[in-house]
Amino acid sequence: MSGSALVIGGGVVGCASALSLARLGWRVELLEAGTVGGGCSHGNCGYVCPSHVLPLAVPGAVGTALRAMLRGDAAITIAPRLDPTLARWLFRFWKQCRNDLAVTSARGRHALLTSSRSLYEQLFREEGVDAHLEEKGLLLVYPNEREFQAHSETAAWLGTEFGIETRAISAADLTEFEPALKPGLGGGWWYEGDAHVDPDQVVTALRLLAERAGVSMLEGVTVTDLIVRGESVQTVVTTAGDIDADVVVVATGAEAPFLSRRLGLKLPIQPGKGYSITLRTPERAPLVPMVFEAQHVAVTPFRDSFRIGSTMEFAGYDRTLSDERLALLRRSAAEHLVDPGSGPPLEEWCGWRPMTPDDLPFIGPVPRVNNVFVAAGNGMIGLSTAPATGLLVAELASGVKPHLDPAPYRLDRFR
Ligand SMILES: Cc1cc2nc3c(=O)[nH]c(=O)nc-3n(C[C@H](O)[C@H](O)[C@H](O)COP(=O)(O)OP(=O)(O)OC[C@H]3O[C@@H](n4cnc5c(N)ncnc54)[C@H](O)[C@@H]3O)c2cc1C
1249 MSGSALVIGG
1259 GVVGCASALS
1269 LARLGWRVEL
1279 LEAGTVGGGC
1289 SHGNCGYVCP
1299 SHVLPLAVPG
1309 AVGTALRAML
1319 RGDAAITIAP
1329 RLDPTLARWL
1339 FRFWKQCRND
1349 LAVTSARGRH
1359 ALLTSSRSLY
1369 EQLFREEGVD
1379 AHLEEKGLLL
1389 VYPNEREFQA
1399 HSETAAWLGT
1409 EFGIETRAIS
1419 AADLTEFEPA
1429 LKPGLGGGWW
1439 YEGDAHVDPD
1449 QVVTALRLLA
1459 ERAGVSMLEG
1469 VTVTDLIVRG
1479 ESVQTVVTTA
1489 GDIDADVVVV
1499 ATGAEAPFLS
1509 RRLGLKLPIQ
1519 PGKGYSITLR
1529 TPERAPLVPM
1539 VFEAQHVAVT
1549 PFRDSFRIGS
1559 TMEFAGYDRT
1569 LSDERLALLR
1579 RSAAEHLVDP
1589 GSGPPLEEWC
1599 GWRPMTPDDL
1609 PFIGPVPRVN
1619 NVFVAAGNGM
1629 IGLSTAPATG
1639 LLVAELASGV
1649 KPHLDPAPYR
1659 LDRFR
């Protein structure tokens, strides 16, 4: 290919898409409204987690979330308001909560997760781009014996169905395995194939590789419209003037519905607001990343800091930091860790996860428009699935044989 490609959005997915397009021969320009990597890709928990094949929508998910909301300690909350788009999204989510559909989503997620895991390994082997991927697995920590035992069925299924290896760590062995944990917890499951990384370093590495491959990146430029003539987009209207491109890739994360609406496409993506607190590394920092399943709170030990993150608020496109949600993160860390960190935080942050009802991203061509592709909706695993998402959209835009079956991610699947 030797045409021009424009990638809109400079998150981890946009950067990975730009890199793959450039490597397939396109002249690539990437436009980012803010700073590259400054969206949801910035303050996330940094898990590269092939174990996360299960979608959020599983049988019983709605009931569990409603019960937690009534108790007041829910990881998922919905801000009460009249929002027909959110209501439609929630209805679709509820319809997804079936065994067969959850398994279909899990297969689609597994394909992206495993491909991305090996693509990251290849990318970070290249000269000067080591993002320090730490291969220490991921420990799920349960508050009591009953909940610890209840996970064994899921663990066995993940092993049989997807070859995901896990090890049960009993309550008695837990503090020896992870001395940062308080005694008295119910046990843990260790997913040894998972890894973690500082998400800023991933974007920096992808950006470096993309620029080396010839991509030019413009920051502070917002795309405001896509003008269709005939059956293709001819002009991309931006705050820095109009731009023409042979191919356009919309990689604007949770904001993808805005631009796709200009193309007659209604993408069911909702911003699922999550929070994180980054602290100086405490004296007795965790050795491995962990998820405290009681509140679904994640902790990640980075090289020179420590992050607590989680919660999912469906509150529209709202960037307010809620003290209550941040307090929930700190409370969960204090309940589980000997030393949950003290002192002023280095950063308190929130970001919009691009959530789809079936927890699969949209990757592929826009129906009825010849030259626009979408790569968005990677939900809770965007960091873990970015390389394969970017490669797949670049392959589809280039008309080469895709390395994955693109069918699970097609844009018209909710029609
Ligand atoms: C608390 C939390 C923890 C998480 N932990 C993990 C984890 O451990 N592992 C994992 O895999 N995932 C995790 N995630 C999810 C992950 O962060 C997201 O899936 C991922 O960052 C999405 O990347 P993206 O590139 O699609 O979106 P973004 O990073 O949001 O990038 C989209 C970019 O598009 C730009 N943009 C939007 N509109 C326009 C426009 N019109 N013109 C130009 N630019 C535009 C935005 O400014 C933004 O920079 C977590 C998320 C949260 C909130």
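Residue numbers for the sequence shown follow this note's numbering, so the first one is 1249 and each next one is one higher.
Backbone N, C-alpha and C fix where the C-beta goes; we use that ideal spot for every residue, glycine too.
A quick note: this is a predicted structure, and the numbers were derived from the prediction, not measured.
Cβ separation of residue i and residue j, assumed to be a contact under 8 Å, to the nearest whole Å
| i | j | result |
| --- | --- | --- |
| V1386 | V1539 | Just to set this straight, residue 1386 is Leu in the shown sequence, not Val. About 7 Å separates the two Cβ atoms, so the contact holds. |
| G1638 | A1403 | With 8 Å as the limit, G1638 and A1403 do not qualify as a contact, their Cβ atoms being about 31 Å apart. |
| C1293 | G1501 | No, C1293 and G1501 are not in contact; Cβ-Cβ is about 16 Å, not under 8 Å. |
| L1594 | R1551 | No, L1594 and R1551 are not in contact; Cβ-Cβ is about 13 Å, not under 8 Å. |
| V1445 | V1296 | 6 Å |
| P1516 | T1604 | 6 Å |
| S1464 | E1277 | 5 Å |
| I1256 | V1450 | Wrong, their Cβ atoms sit about 20 Å apart, outside the cutoff. |
| W1438 | H1399 | Rounded, the Cβ-Cβ distance is 11 Å, inconsistent with contact. |
| A1460 | V1284 | Here residue 1460 is Arg; the residue named in the question, Ala, does not match the sequence. Contact flag wrong, Cβ pair sits at about 15 Å. |
| S1289 | G1630 | 7 Å |
| P1303 | R1357 | 7 Å |
Where residue i falls: helix, strand or coil (DSSP)
| i | result |
| --- | --- |
| H1584 | helix |
| L1272 | coil |
| Y1368 | helix |
| A1636 | helix |
| R1601 | strand |
| E1426 | coil |
| K1343 | helix |
| I1517 | coil |
| Q1397 | helix |
| G1489 | strand |
| R1455 | helix |
| S1289 | coil |
| T1402 | helix |
| A1305 | coil |
| F1610 | strand |
| H1444 | strand |
| I1412 | coil |
| F1506 | helix |
| V1495 | strand |
| V1617 | coil |
| V1450 | helix |
| V1622 | strand |
| V1284 | coil |
| V1260 | helix |
| V1296 | strand |
| L1569 | coil |
Identity of the residues DSSP links to residue i by a beta bridge
| i | result |
| --- | --- |
| G1436 | V1389, I1417 |
| V1476 | V1481 |
| E1595 | T1526 |
| A1563 | In DSSP, A1563 forms no bridge with anything. |
| M1538 | L1387, V1547 |
| T1325 | E1561 |
| L1278 | V1255, M1465 |
| F1554 | L1527, P1549 |
| E1382 | H1444 |
| V1752 | Only positions 1249 to 1663 of the chain appear in the structure, and residue 1752 is not among them; the question remains open. |
Chain D within 7 Å of residue i, Cβ atoms only
| i | result |
| --- | --- |
| T1568 | Judged by its chain identifiers, the structure shown contains no chain D, having just a single protein chain. |
Exposure of residue i, with buried meaning 16 or more beta-carbon neighbours within 10 Å
| i | result |
| --- | --- |
| L1381 | buried |
| I1475 | exposed |
| P1332 | exposed |
| H1651 | exposed |
| Q1344 | buried |
| A1350 | buried |
| L1314 | exposed |
| T1362 | buried |
| A1488 | exposed |
| D1348 | exposed |
| T1414 | buried |
| S1268 | buried |
| V1648 | exposed |
| G1709 | A query on residue 1709 cannot be resolved here, the shown segment of the chain reaching from 1249 to 1663 and no further. |
| Y1565 | exposed |
| R1477 | exposed |
| Q1482 | exposed |
| Q1518 | buried |
| N1618 | exposed |
Contact test: residue i Cβ vs ligand 2 heavy atom, cutoff 6 Å
| i | result |
| --- | --- |
| T1487 | Among the ligands present in this structure, namely ligand 1, ligand 2 is not found. |
Practice task
Would you be able to state if there are at least three C-beta pairs under 8 Å between the stretch 1538-1556 and the stretch 1382-1400?
Solution key: yes
Exercise for the section: State whether the stretch 1576-1587 contacts the stretch 1422-1438, with contact taken as three or more CB pairs (one from each stretch) at a distance under 8 Å. Expected result: yes
Exercise for the section: Inspect the CB distances between the stretch 1339-1354 and the stretch 1559-1578 and report whether three or more fall short of 8 Å. Expected result: no
Problem - Three CB pairs or more closer than 8 Å across the stretch 1594-1604 and the stretch 1522-1536 - result: The stretch 1594-1604, when compared against the stretch 1522-1536, does touch it at the 8 Å Cβ threshold.
Handout entry: Segment contact flag, the stretch 1495-1510 with the stretch 1566-1582, C-beta cutoff 8 Å, min 3 pairs
Key = no
Practice task
State whether the stretch 1321-1329 contacts the stretch 1487-1494, with contact taken as three or more CB pairs (one from each stretch) at a distance under 8 Å.
Solution key: no
Problem - Three or more C-beta pairs below 8 Å linking the stretch 1618-1626 and the stretch 1639-1649 - result: yes
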